[in-house]
Amino acid sequence: LVKYFEIMRMLTFLVIFTLIYWNLSSGEQEDVPCLHLKFQPNVANVPLGSASFFTVQLSQPSAEVYNVSFEQQDPKSITLNKTAFQIPAKSQEIYSIGFTANALKASVAVRENRTAEQCISLDSLKESMILITVFRLEQLNVLLDVLGWIYFTAWTISFWPQIFLNFRRKSVIGLNFDFLALNITGFLFYASYNCSLYFSPLVQTEYLEQYPNSVNPVLIQDVAFALHAFFATVLTIGQCFFYERGGQKLSKFCLILLVAFWGSALITLLLAAVRVITWLWFVSVLSYVKLAISILKYIPQAVLNYRRKNTEGFSIGSIFLDFTGGVGSMFQMIVFAYNTDDWSQLFGDFTKFGLGLFSICFDIVFFVQRYALYRNYHEMDISEESEDSQPLLRSSPSLEHRLSVFCKTMNSCCKCINSLDDGTLRFSQAMLHKYRTNHFVYECLISE
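Residues 55 to 502, numbered by my numbering, are exactly what the sequence shown covers, in order.
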């Protein structure tokens, strides 16, 4: 585990260095003036059947007459009262363009029809268009905002119940290290992706060139969440070095996955550095790795719970919050699809919706493990622990009591001991030599 985090620290430095390089290398591009039409606003939401308007203005005075024409993504949904006109030379007049919303539609793009000879800059790509969404009911738009804040808040604080549980128990036994290793990699890549699209002009330009009828999908909330998730996971991993962790280590399967994920990131990083691929392609690979990790990361924890036949040490509070966030996110997508009569994000591009559904299914698996499959074992363990006044058992996962109850239940000490791994057995022997609070288990362990 220590070796892995040493490697990850070096690779983190490479990612941070790359982000700095993007901003330095794209600095000249931001300063290049480019004559274009500026739309205000760039995003608009209007109810079905209503009339509204947007304004346009040249980014700087033109030395000659400037011809303006608009390109519509879906002319049937939006009717413009003016599709072409001329702006006199040296004019900075603001022009109002009216439109009528004729049909429900999500994100109808209206943009300046620019020729191939006209220059391209980040500002021209960002400002020379408007995305118009036509919706059914304003009340559903309010509901969308409420749902957005619910799942954002739930996902943001979902990291802390596990941190507080580890602090209270002074132990991370029961928390799978594979889960943590995959999580820290996923959120590092996710933070790199969000920071790149939000802060790097070069990556923003490449994105808008590749997807001309869209706006930057990353908001400051996305950046804040990704960075918070990364540092919260770093804090959880830090607890593994200071609290009791037993004999747990990373599995070979997890190491293979990490090598594959980091190998893909490094290869695409080098290809982007030598201009074989774009930087957008590189950060997109990071986002795809994050998607893969989101699917795989809960499997090791579910398997560990199954092998231990209990969920002690794994915070169910985090799962409740993750479940709340997942349901809120999916419900928001369904409400938005109904309000705009656009179901393509659910069925045309199933990735986001399917990922949320997969995450919720794993949350349900943890609920079943906690409250159905291993419920009796957990309650028995807690009741036994409360009767003992030893400080060791109050501040640790109560290993001796679990051994005692299990051995008495099975009427076979050997079956109990043989089920332990070597690390747990050595730890148990050391603790029982010191305290000798249960002679039944003590004699059983010493004989082994």
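Beta carbons are placed, not taken as given, at the ideal position from N, Cα and C, and that holds for glycine. If you're wondering where the values come from, they're calculated on a predicted model, not measured in any experiment.
With contacts defined by Cβ atoms closer than 9 Å, I132 and V164 form a contacting pair. Judged by beta-carbon spacing, L324 lies beyond the 9 Å limit of E260, meaning their Cβ atoms are not closer than that value.
V269 has no beta-bridge partner at all, per DSSP. According to the DSSP secondary-structure assignment, P101 is paired through a beta bridge with F189.
Q114 and N167 have their C-alpha atoms some 18 Å from each other. Distance from the CA atom of V422 to the CA atom of F374, rounded to whole angstroms, is 12 Å. With a cutoff of 9 Å on beta-carbon distance, F206 and F284 are scored as not near each other. In the DSSP assignment, G380 falls within the unbroken alpha helix (DSSP H) covering I370 to T394.
No residue range can be given for I331, since it is assigned to no beta strand (DSSP E) and is classified by DSSP as neither H nor E. For N393, the CB contacts under 6 Å within the same chain, skipping 5 residues up- and downstream, are F189, R190 and L194 in chain order. The criterion of a C-beta distance shorter than 9 Å is satisfied by V122 and F139. DSSP lists I151 as the bridge partner or partners of F108. Within the region 234–310, complete alpha helix (DSSP H) segments of at least 4 residues are found at 255–264 and 274–296, given in chain order. The beta carbon of Y244 lies closer than 6 Å to those of A280 and K344 in the same chain, with the five residues before and after it left out. Exposed is the label assigned to C415, since fewer than 16 other Cβ atoms lie within 10 Å of its Cβ.
Inter-residue distance for F218 and T290 is about 10 Å (C-alpha atoms, whole angstroms).
Around the beta carbon of W203, fewer than 16 other beta carbons lie within 10 angstroms, which makes this residue exposed. The C-beta of A314 has fewer than 16 other C-beta atoms within 10 Å across all chains shown, which makes the residue exposed. When C-beta atoms of the region 231–249 are compared with those of the region 138–157, fewer than three pairs fall below 8 Å, so the two segments do not count as touching. Exposed is the label assigned to V97, since fewer than 16 other Cβ atoms lie within 10 Å of its Cβ.
Assignment of E125 by DSSP, reduced to helix, strand and coil, places it in the strand class. Residue pairing for F93: DSSP places it in a beta bridge opposite V110. A residue is called buried once 16 or more other Cβ atoms fall within 10 Å of its Cβ, and F420 is buried on that count. Straight across, the Cα-Cα distance linking Y428 with K130 is about 58 Å. Counting only residues of its own chain and dropping the five nearest sequence neighbours on each side, T109 has a CB closer than 8 Å to the CB of F93, Q94, I148, Y149, S150 and I151.
In this structure, P354 sits away from C294, with a CB-CB distance that is not shorter than 9 Å. Contact fails between the region 351–369 and the region 177–189, because fewer than three Cβ pairs, one in each stretch, are under 8 Å apart. Setting aside the 5 residues that flank it on each side, D417 is surrounded in the same chain by I373, D376, F377 and G380, each with a C-beta closer than 7 Å to its C-beta; the list follows chain order.
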